[in-house]
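Respectively, the protein sequence lines represent chains A and B.
Just so you know, we're using this note's numbering here: the first sequence kicks off at 1 and counts up by one.
Just so you know, we're using this note's numbering here: the second sequence kicks off at 1001 and counts up by one.
There are 2 protein chains.
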Amino acid sequence: MSTRERIVEAAFALCAERGFDATTVDDVARRAGVGRSTFFRSFASKEEVILPELDALLGAVEARLAAARPESDPNAAVLAVTEAARLVLQHYLDEGERARTRYHLVSSVPSLRTREVAGQIAFQRVFRTFLGTWLGPDAENELRAELVANAIVTGHNFVLRRWLRGLTDTPTEDFDAAMAMVRTVMPAPFGRAIAPSPTLADRARRVAADLEALLPALHDLGPPEE
Amino acid sequence: MSTRERIVEAAFALCAERGFDATTVDDVARRAGVGRSTFFRSFASKEEVILPELDALLGAVEARLAAARPESDPNAAVLAVTEAARLVLQHYLDEGERARTRYHLVSSVPSLRTREVAGQIAFQRVFRTFLGTWLGPDAENELRAELVANAIVTGHNFVLRRWLRGLTDTPTEDFDAAMAMVRTVMPAPFGRAIAPSPTLADRARRVAADLEALLPALHDLGPPEE
DNA sequence: CAGATTCACGGTACTCAGTACCGTCGAGTA
DNA sequence: TACTCGACGGTACTGAGTACCGTGAATCTG
């Protein structure tokens, strides 16, 4: 188990015992068997131990959006943002119980909640930036991009939260339904111009096309580093 | 000038000189001619000095929404949220230059930005809560309420930001236009079922009706306290 | 008017997050 | 063996936020 993982485990264990506020960084470091310096070398703040990997997720979303080729048709744009959001949802679904305990912790601690919200804003920003460049520079288009970006993130959060609270066992289906509603809510050239809910085959085709467009850039990057 | 105001003035002056991070609470208290205890008795945190009155604004918005009587027709609901958002915009417009200097400060200081975002979430929460109760309990309606609430706040922020950055001299007209676009983006029973842009007379009638509905509750409250 | 109460304020002392800096130990390298 | 490099632990510091107490002036009360 790496140093980072040991620290995370210690932090979650202590927070479960005494709560987040009553847990000091010294406590966590001692329980993890590391020095205080090492703690802050691994995590920028006390909050980041509970909410790590936001940056990694953000990078994944950005990569997915950068791989999209929406110049040809606006369908690809909608699909790209949808699939990028699905990436985030899937990440939390894969985490399973850890995501649920984190949710309850974050819900009850203001400083954690604030930190999480800051992360969501970062996601909205990425979506907005891409949508903005795809739509072109114009005050109206900027507002459109922002509305769509926020709608996507809101829809995603809605489904994720329901799953975290145990209100649904079919999060991916819910996500499809939520995105369908989000699409009805999109201004032109998105939304109503588009077929109501693309089939799985459609989605697969789109993703394949996007991936193909991504391949040259991937080759330029060379082999993975670690 | 009250103690609070003296502290705020001192804080803005010092932040203009050295920046927010380089300004300590002791500095602000000394410049304002008060003790450190008094500072934290007047403001809960260092950030709150730069971003005060968020709570007051939130209360005004809540009161405006509580005064709406949307049971009769959904038009009143859309109008209420629009006018409540306009309340916030107007507040910043009235502040004038102070709002602009605050904007530049907040934009460049992460901790202030985080605090501001937390405030926006609070606004979204209020809008969502009212819209949710108006729409009735149902998973789909909850999502609708959230989408509409976010769209309203997004539209408001968009216009406000453009005005703060000096990109427009007609913020109220821009706000009308933005809300028109937000309306096109609303799911049923809002949005497209509604006349595109209500006239001033319409708006006045609605506000008058809402106010009349509010009167009994006002009488119950008794005379103002200060 | 004298005594009691209230309250806003200043001062002190403390906890704890976050930063800067330094010394150390072990692994890889010439 | 001698050198470098990077991860680690330890120490000391700054500054936000909290808890608590004493004081003085204003207000209430008999």
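Glycine included, each C-beta is placed from N, C-alpha and C at the ideal position.
Item	Value
If we call anything under 7 Å between Cβ atoms a contact, is Ala-84 of chain A one with Val-61 of chain A?	yes
Mind checking whether the beta-carbon of Pro-1070 of chain B lies closer than 6 Å to any heavy atom of the ligand GDP?	Among the components modelled here there is no ligand, and therefore nothing to report on the ligand GDP.
Could you tell me how far apart the beta carbons of Leu-105 of chain A and Phe-158 of chain A are, in whole angstroms, since I believe they sit closer than 8 Å?	That pair is no contact at about 20 Å.
What span of residues does the alpha helix (DSSP H) with Pro-110 of chain A cover, start to end?	110-135
With respect to the alpha helix (DSSP H) encompassing Glu-17 of chain A, which residues constitute its N-terminal and C-terminal limits?	3-18
Is there contact between the region 22-29 of chain A and the region 72-91 of chain A, where contact requires at least three CB pairs shorter than 8 Å?	no
When you compare the CB of Val-185 of chain A with every CB in chain B, is at least one pair closer than 7 Å?	yes
Output needed in chain order: residues of the region 156-180 of chain A with a Cβ under 9 Å from some Cβ in chain B.	Asn-157, Phe-158, Val-159, Arg-162, Leu-167, Thr-168, Asp-174, Ala-177, Ala-178
Since Gly-33 of chain A is in the alpha helix (DSSP H), which residue starts that stretch and which ends it?	Careful: Gly-33 of chain A lies outside any alpha helix (DSSP H) and carries neither H nor E.
Does DSSP classify Leu-87 of chain A as helix, strand or coil?	helix
Roughly how many angstroms separate the alpha carbons of Ala-98 of chain A and Gly-166 of chain A, rounded to a whole number?	It should be noted that the sequence gives Arg, not Ala, for residue 98 of chain A. One C-alpha to the other measures close to 13 Å.
Compute the Euclidean distance between the alpha carbons of Leu-57 of chain A and Ala-13 of chain A, then round it to the nearest angstrom.	24 Å
Can you look up Arg-1165 of chain B in the DSSP assignment and give me helix, strand or coil?	coil
Any idea if Arg-1042 of chain B is buried or exposed, counting beta-carbon neighbours within 10 angstroms, 16 or more meaning buried?	It should be pointed out that residue 1042 of chain B corresponds to Ser in this sequence rather than to Arg. Buried is the call here.
For Ala-1011 of chain B, collect the residues of the same chain with a Cβ closer than 6 Å to its Cβ; drop the 5 residues on either side in sequence, then sort them by chain order.	Val-1028, Val-1049
Do the CB positions of Leu-54 of chain A and Arg-100 of chain A come within less than 7 Å of each other?	no
Using a Cβ-Cβ distance cut-off of 7 Å, determine whether Ile-1152 of chain B contacts chain A.	no
Are the Cβ atoms of Asp-176 of chain A and Thr-168 of chain A separated by less than 7 Å?	no
If you draw a straight line from the C-alpha of Val-78 of chain A to the C-alpha of Ala-1067 of chain B, how long is it?	38 Å
Assuming Leu-1051 of chain B and Pro-1171 of chain B form a contact by the criterion Cβ under 8 Å, report the distance between their Cβ atoms to the nearest whole angstrom.	Going by Cβ atoms, the distance from Leu-1051 of chain B to Pro-1171 of chain B rounds to 20 Å, so no, they are not a contact pair.
For the alpha helix (DSSP H) that Asp-1055 of chain B lies in, which residues bound it at each end?	1054-1067
List the residues of chain B that Val-117 of chain A touches, going by C-beta distances under 7 Å, in chain order.	Val-1117, Ala-1118, Ile-1121
Quick one, are the C-beta atoms of Gly-1132 of chain B and Glu-1142 of chain B less than 7 Å apart?	yes
So the alpha helix (DSSP H) Ala-44 of chain A belongs to, where does it begin and stop?	Counting along the chain, Ala-44 of chain A falls outside any alpha helix (DSSP H), and DSSP gives it neither H nor E.
What's the C-alpha gap between Val-1148 of chain B and Phe-1039 of chain B?	39 Å
Taking the straight line between their C-alpha atoms, what separation do you get for Arg-1031 of chain B and Arg-1004 of chain B?	13 Å
On the three-state DSSP scale, how would you describe Gly-96 of chain A?	coil
Determine the chain B residues that contact Leu-112 of chain A at a beta-carbon separation under 8 Å, and present them in chain order.	Near Leu-112 of chain A there are no residues of chain B at all, since even the closest Cβ is about 12 Å away, more than 8 Å.
Can you give me the Cβ contacts of Tyr-103 of chain A inside the same chain, cut-off strictly under 6 Å, excluding the 5 residues immediately before and after it?	Leu-164
Given Pro-1198 of chain B, which residues of its chain have a CB within under 6 Å of its CB, disregarding the five upstream and five downstream residues?	Confidence is the limiting factor: at Pro-1198 of chain B the pLDDT is only 48, short of 50, which leaves the residue's position unreliable, though a coordinate-based value still follows. Cβ neighbours of Pro-1198 of chain B beyond the five flanking positions: none.
Nearest by alpha-carbon distance to Val-34 of chain A: which of A:Ala-63, A:Leu-65, A:Ser-2 is it?	A:Ser-2
Once the 5 residues before and after Leu-135 of chain A are set aside, which same chain residues still bring their CB inside 7 Å of it?	Asn-141, Arg-144, Ala-145
How long is the line joining the alpha carbons of Ile-1007 of chain B and Asn-75 of chain A, rounded to whole angstroms?	54 Å
Going by C-alpha distance, which of B:Asp-1073, B:Ala-1044, B:Glu-1009 is nearest Arg-1115 of chain B?	B:Ala-1044
List the endpoints of the continuous alpha helix (DSSP H) containing Asp-1176 of chain B.	1171-1184
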